[in-house]
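Below you'll find the structure, written out as structure tokens, and then a few comments.
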Amino acid sequence: MKSIEELKKIREQTLKTINLRKEDGEDAVRIVVGMATCGIAAGARPVLAACLDEVSKRNLANVSVTQTGCIGVCRLEPIIEVYVPGQEKVTYVSMDEDKARRVIHEHIVNNKVVTELTIGAEGA
Amino acid sequence: MKDLSLSILDIVMNSVKAEASLIEITLEDDGNLFSVHIADNGCGMDEAFLARVTDPFTTTRTTRNVGMGVPLFKLAAEQAGGTFSITSEPGKGTELTASFEQNHLDKPPLGDMAATVTTLIQGSPDVDFSYRHATPKGEASLDTRELRETLDGVPLDTPDVLSWIQDSLCEEERMIQT
Ligand SMILES: Nc1ncnc2c1ncn2[C@@H]1O[C@H](COP(=O)(O)OP(=O)(O)O)[C@@H](O)[C@H]1O
Ligand SMILES: [Mg+2]
Chain Z
1 MKSIEELKKI
11 REQTLKTINL
21 RKEDGEDAVR
31 IVVGMATCGI
41 AAGARPVLAA
51 CLDEVSKRNL
61 ANVSVTQTGC
71 IGVCRLEPII
81 EVYVPGQEKV
91 TYVSMDEDKA
101 RRVIHEHIVN
111 NKVVTELTIG
121 AEGA
Chain E
125 MKDLSLSILD
135 IVMNSVKAEA
145 SLIEITLEDD
155 GNLFSVHIAD
165 NGCGMDEAFL
175 ARVTDPFTTT
185 RTTRNVGMGV
195 PLFKLAAEQA
205 GGTFSITSEP
215 GKGTELTASF
225 EQNHLDKPPL
235 GDMAATVTTL
245 IQGSPDVDFS
255 YRHATPKGEA
265 SLDTRELRET
275 LDGVPLDTPD
285 VLSWIQDSLC
295 EEERMIQT
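Respectively, the protein sequence lines represent chains Z and E. For what it's worth, the numbering used here labels the leading residue of the first sequence as 1, then goes sequentially. For what it's worth, the numbering used here labels the leading residue of the second sequence as 125, then goes sequentially.
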């Protein structure tokens with residue numbers, strides 16, 4: 001059973017490292033997950049969880065993951081948008097947990113857009 | 125929606141959008157009836173608007189588009205032998221109750237409430253959520269106001285805090301599963 005004691009420890013630990021977090025800085029990368037009705041119905045909740053997990057596992061301190069309402073194209077949900085400073089926004093469609101992890105690995109870590117998963121790609 | 129936890133996530137997002145500062149989510153399972161109660165102190169709706177929200181097809185939609193979240197949830201309850209009601213007051217807030225016959229063939233499974241609550245807190249770390257789920261076996265609960273006290277300034281959307289929330293709720297949910 002997880003206890004309040006553990007939460008207190010997490011608090012202490014976080015206070016020690018909080019200055020290392022710089023997701024509001026200039027080099028901040030943003031991942032935005034569409035969480036409106038159609039997104040949730042299509043599986044956005046586990047996609048969001050996968051994004052959060054991947055970002056935290058890889059210690060990507062300058063990456064934030066946020067939720068938004070309707071991105072607009074219901075049949076292409078779950079949709080995530082990736083904002084890298086100095087680059088155009090990239091919209092990824094028909095996401096699942098594996099695809100989302102792949103986007104983080106290839107696009108955000110290796111700086112290579114996963115073209116086949118973007119909104120313009122054939123078959124998407 | 126595949127399960128009730130996803131419907132609840134969607135419905136509570138309305139409360140978040142209505143700029144509520146406190147949202148209460150109460151699930152009660154008495155063995156026969158499963159009820160979902162959601163109350164917020166957000167912007168509320170007037171009567172005419174509320175009528176359109178619950179029944180998007182009976183009235184002409186001229187001023188704005190309303191979505192399908194609320195009607196879908198209402199339908200889910202009614203198809204499972206349950207009832208649905210929603211009351212709202214502009215400037216005060218909104219309350220919604222849906223019930224389901226526990227053993228009805230069309231009652232969707234509950235799904236992962238720990239994931240739903242964690243997702244809500246991650247998306248709106250400054251909103252307070254009070255969650256309670258009672259079954260004949262016991263109770264699972266979480267109140268962000270209490271967590272905030274313990275965390276004393278550390279945000280609720282800190283990754284390790286979110287993991288703690290998800291894990292502890294998951295464990296509590298498992299204990300009261302019927
Ligand atoms: N708790 C609430 N507080 C205030 N307004 C609400 C609430 N729930 C629903 N609404 C209003 O009803 C509308 C329809 O809700 P919904 O059926 O979930 O569709 P959507 O969220 O896609 O608009 C919302 O856009 C909002 O204006
Ligand atoms: Mg909605």
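Note that CB positions come from ideal geometry on N, CA and C, so glycine has one too. Predicted model, so just to flag it, every value in this text is computed and none were measured.
Query raised in the report: So, is Asp-230 (chain E) buried or exposed, given that buried needs 16 or more other C-beta atoms within 10 angstroms?
Result: exposed
Query raised in the report: Helix or strand or just coil, what does DSSP make of Val-65 (chain Z)?
Result: strand
Query raised in the report: Straight-line CA distance for Ile-10 (chain Z) to Val-251 (chain E)?
Result: 21 angstroms
Query raised in the report: ligand 2 heavy atoms versus the CB of Asn-59 (chain Z): any closer than 6 angstroms?
Result: no
**Report entry** Pair within 7 angstroms by beta-carbon distance, Lys-228 (chain E) and Ala-264 (chain E)
**Finding:** Looking at the sequence provided, one finds His at residue 228 (chain E) rather than Lys. No; because the gap between Cβ atoms is not below 7 angstroms, this pair is not in contact.
Query raised in the report: Grouping DSSP H, G and I as helix and E and B as strand, with all else coil, what is Thr-186 (chain E)?
Result: Residue confidence is low: Thr-186 (chain E) scores 49 on pLDDT, short of 50, so the model does not pin down where it sits. Its coordinate-derived value is still stated next. Coil.
Report task. Run the CB neighbour count on Pro-78 (chain Z), radius 10 Å, all protein chains shown included, and call it buried at 16 or more, exposed below. Result -> buried
Query - 9 angstroms Cβ cut-off: residues of chain Z touching Ala-239 (chain E) - result: Arg-45, Pro-46 and Ala-49
Query raised in the report: Beta carbon of Val-194 (chain E): closer than 6 angstroms to some heavy atom of ligand 1?
Result: yes
Report task. Could you check how far apart the C-beta atoms of Lys-261 (chain E) and Ile-300 (chain E) are, in whole angstroms? I think they sit under 8 angstroms. Result -> 5 angstroms
Report task. Report yes if the C-beta distance between Thr-118 (chain Z) and Thr-282 (chain E) is below 7 angstroms; otherwise report no. Result -> no
Query raised in the report: Among the residues of its own chain, which have a CB less than 8 angstroms from the CB of Pro-279 (chain E), if the five just before and after it don't count?
Result: Pro-249 and Val-285
Query raised in the report: In the structure shown, what three-state DSSP assignment does Glu-77 (chain Z) receive?
Result: coil
Query raised in the report: When burial is assigned at 16 or more other CB atoms within 10 Å of the CB, is Ala-121 (chain Z) buried or exposed?
Result: exposed
Requested in this report: Report the rounded CA-to-CA distance for Thr-186 (chain E) versus Gly-168 (chain E), giving the unit in angstroms.
Outcome: For Thr-186 (chain E), the pLDDT reaches just 49, beneath the cut-off of 50, and the residue's location in the model is therefore unreliable, leaving the point undetermined.
**Report entry** Whole-angstrom distance between Leu-271 (chain E) and Ser-64 (chain Z), CA atom to CA atom
**Finding:** 22 angstroms
Query raised in the report: Sorted by chain position, which residues of the same chain lie with C-beta nearer than 6 angstroms to Glu-330 (chain E)'s C-beta, five sequence neighbours on each side aside?
Result: Since the displayed chain E opens at 125 and closes at 302, residue 330 (chain E) lies outside it and no answer follows.
Query raised in the report: Based on the DSSP secondary-structure assignment, which residues constitute the bridge partners of Asp-153 (chain E)?
Result: E:Phe-158
Query raised in the report: What is the rounded straight-line gap between the Cα of Pro-46 (chain Z) and the Cα of Thr-91 (chain Z)?
Result: 18 angstroms
Report task. Along the alpha helix (DSSP H) that carries Ile-245 (chain E), what are the first and last residues, could you check? Result -> 237 to 247
Query raised in the report: Going along chain E in order, which residues have a C-beta closer than 8 angstroms to the C-beta of Lys-8 (chain Z)?
Result: Thr-274
**Report entry** Chain-ordered neighbours of Gly-193 (chain E) on chain Z, where CB pairs are closer than 7 angstroms
**Finding:** Thr-37
**Report entry** Beta-carbon spacing of Gln-226 (chain E), Phe-158 (chain E) below 7 angstroms
**Finding:** yes
Query - Cβ-based burial, Lys-99 (chain Z) [other Cβ within 10 Å; buried from 16] - result: buried
Query raised in the report: Is the CB of Arg-11 (chain Z) under 7 angstroms away from at least one CB in chain E?
Result: yes
Requested in this report: Note down, in chain order, each residue of its chain lying with its Cβ closer than 7 angstroms to the Cβ of Thr-184 (chain E), except the 5 sequence neighbours on either side.
Outcome: The predicted position of Thr-184 (chain E) is uncertain, since its pLDDT is 49 and thus under 50; a value taken from the coordinates is nonetheless stated next. Nothing listed; no residue qualifies.
Query raised in the report: Does the beta carbon of Asn-156 (chain E) fall short of 6 angstroms from some heavy atom of ligand 2?
Result: no
Query raised in the report: Are there three or more Cβ pairs, one per stretch, closer than 8 angstroms when the segment 59 to 74 of chain Z is compared with the segment 206 to 225 of chain E?
Result: no
Query raised in the report: chain E partners of Leu-52 (chain Z), CB-CB under 8 angstroms?
Result: Gln-246, Pro-283 and Leu-286
Query - Endpoints, alpha helix (DSSP H) assigned at Ala-204 (chain E) - result: Here Ala-204 (chain E) belongs to no alpha helix (DSSP H), and DSSP marks it neither H nor E.
Requested in this report: Compile a chain-ordered list of the residues in the segment 193 to 222 of chain E whose CB is closer than 9 angstroms to at least one CB of chain Z.
Outcome: Gly-193 and Leu-196
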